[in-house]
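Here the structure is laid out as structure tokens; the discussion comes afterwards.
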Amino acid sequence: MGHVVVDVMLKSEILDPQGQAVAGALPRLGFEQFTDVRQGKRFVLEVEGDVTEAHLAAARDAAGKLLSNPVIEDVVSVHDLADEDAR
Numbered sequence: 001m002g003h004v005v006v007d008v009m010l011k012s013e014i015l016d017p018q019g020q021a022v023a024g025a026l027p028r029l030g031f032e033q034f035t036d037v038r039q040g041k042r043f044v045l046e047v048e049g050d051v052t053e054a055h056l057a058a059a060r061d062a063a064g065k066l067l068s069n070p071v072i073e074d075v076v077s078v079h080d081l082a083d084e085d086a087r
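Numbering (the UniProt record's numbering), first residue to last: 1 to 87.
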């Protein structure tokens, strides 16, 4: 089984209250090295066999039509999970 990962983030001009809440809490917990936080979402789509370019293309299409709201979100990455595991 292969897995395609789709990462979606709010556009930079969109207010991110969850990210702001986390950014405010980090220094109180001793994590002062972080200056900003943006919250996003990740989808992991399972496919039969290895991930192909056709799978990635279909995932990009699904990301634009269903997985993201293009008015307030950007699809920032569509990739094979195996590429992440190789890092």
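From the three backbone atoms N, C-alpha and C, an ideal C-beta is built for every residue, glycine too.
A quick note: this is a predicted structure, and the numbers were derived from the prediction, not measured.
Item to complete: Quick one: grab the DSSP three-state call for glycine 49.
Response: As a working mapping, residue 49 is identified with position 49 in the sequence shown. In the three-state scheme derived from DSSP, where H, G and I count as helix and E and B as strand, glycine 49 is classed as coil.
Next on the checklist: I'd like the list of long-range same chain contacts for leucine 26, defined as Cβ closer than 6 Å, with 5 residues on each side in sequence excluded.
Outcome noted: As a first step, residue 26 must be located in the sequence shown, where it is residue number 26. Excluding residues within five positions, the ones whose Cβ falls inside 6 Å are Phe34.
Item to complete: Determine which residues share a DSSP beta bridge with residue 91 and list them.
Response: With the chain running from 1 to 87 in the structure shown, residue 91 is simply not present.
Throw me the rounded Cβ distance for the glutamate 73 and leucine 10 pair, which I believe falls under 8 Å. As a working mapping, residue 73 is identified with position 73 in the sequence shown. As a working mapping, residue 10 is identified with position 10 in the sequence shown. Contact between glutamate 73 and leucine 10 holds: CB atoms are separated by about 6 Å, below the 8 Å threshold.
*Residue range of the alpha helix (DSSP H) that includes valine 22*: The count along the sequence shown starts at 1 and reaches residue 22 at position 22. Counting along the chain, the alpha helix (DSSP H) containing valine 22 begins and ends at 17-28.
>> For valine 8, which residues in the same chain have their Cβ closer than 8 Å to its Cβ, ignoring the five residues on either side in sequence?
In response: Within the sequence shown, the letter at position 8 stands for residue 8. If we look at valine 8 and ignore the five residues flanking it on each side, its Cβ neighbours are Gly40, Lys41, Arg42, Phe43, Ala63, Leu67, Ser68, Glu73, Asp74, Val75, Val76.
Does any CB atom of chain C fall closer than 8 Å to the CB of serine 77? You won't find chain C in this structure, because it holds only one protein chain.
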